[in-house]
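Data first, discussion second: the structure below is written as structure tokens.
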Amino acid sequence: MKHSTLTSHAKARRCMGVWTAIVLSVCLFTVPAFAADDPLAIVNNLSDFIFSCIKAIGIIILGWGVVQVGMSVQSHDASQRTQGFLCLFGGLLIAFCKEILTTIGVV
181 MKHSTLTSHA KARRCMGVWT AIVLSVCLFT VPAFAADDPL AIVNNLSDFI FSCIKAIGII
241 ILGWGVVQVG MSVQSHDASQ RTQGFLCLFG GLLIAFCKEI LTTIGVV
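What the sequence shown shows, in the working numbering, is residues 181 to 287, in sequence order.
What follows is the structure, encoded as structure tokens:
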């Protein structure tokens, strides 16, 4: 009976020590966050980053479309040529989506 009481007491003491260390770490290791003056600039930067990622994906698809068209010309396969041109034009649309959206006035 005495042994289980010591074990629970030791566990409680250990939990209290861990809790104290966590609270002390949170209090001592806080770092102030310096926010930008213009929150709209942050949104614009995020938008530019997302559109640059989309543009990179579009260029990859565009390159794959060029490869498919080249392989279809070599093998004289009409269905592969159609898929290649669809991939090529889809890659162009994806690569220049920001410019297209700006032109029609959405972005």
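Ideal placement from N, C-alpha and C gives every residue a C-beta, glycine not left out.
Between the segment 235-253 and the segment 199-210, the count of Cβ pairs shorter than 8 angstroms is below three; the stretches do not touch.
About 3 angstroms separates the Cβ atoms of Gly245 and Cys267, confirming a contact at the 8 angstroms cut-off. When secondary structure is reduced to three states using DSSP, Phe265 falls in the helix class.
The beta carbon of Ile274 lies closer than 7 angstroms to those of Ile234, Ile237, Gly238, Ile241 in the same chain, with the five residues before and after it left out.
Rounded to the nearest whole angstrom, the C-alpha separation of Thr262 and Thr283 is 28 angstroms. Taken through DSSP and simplified to helix, strand or coil, Gly285 comes out as coil.
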